[in-house]
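Okay, so here's the structure we're looking at.
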Amino acid sequence: MYDYKENRVHGGSSYADALYRLGASPEDYARRMTERIIEKEWGEDAPYRYFGAEAFFIISENDVPVIIKDYAFVEIHRCTAVHSFENWVQELVKKG
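This is the structure we're talking about:
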């Protein structure tokens, strides 16, 4: 797989946030950001769940898969803008 790390956009809301965004593996980054956004939007009764595998991840709604993406998708977002992936997840899981 292509190493996207050197092409990632630098930045974040704090120094620690910026370091995490730059250094986290795509698997950990996708899981942590997705779960954080789902919890922030829905709380404990969220209909959305994140499932990570070795090469891809699934976001389900009420136990029905709605998104299946590989980690290259995450890295493309990380190379585009600091919050690009989070904004994509936010649009997917927002209420209403």
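The sequence shown begins at -13 in the numbering used here and counts up one residue at a time.
Positions of the beta carbon are idealized from the N, C-alpha and C atoms, including for glycine.
Bear in mind the structure is a predicted one, so any value in this text is a computation, not a measurement.
With contacts defined by Cβ atoms closer than 7 Å, Arg17 and Gly38 form a contacting pair. The C-beta distance from Pro12 to Glu61 rounds to 5 Å, short enough to meet the 8 Å contact threshold. Around Ala32, the same chain offers Ile24 as residues with beta carbons nearer than 6 Å, after the five sequence neighbours per side are excluded. Between Val68 and Gly(-3), the C-beta spacing is below 7 Å. Taken in chain order, the whole alpha helix (DSSP H) runs of length 4 or more contained in the segment 14 to 66 are 57 to 66. Of the residues Tyr36, Phe59 and Ala41, the one whose Cα lies closest to the Cα of Asn48 is Tyr36. In the three-state DSSP reduction, Ala2 falls in the helix class (H, G or I).
Between Gly82 and Trp28, the alpha-carbon positions lie close to 11 Å from each other. Around the beta carbon of Ile54, a 10 Å sphere encloses fewer than 16 other beta carbons of the protein chains shown; the residue is thus reported as exposed.
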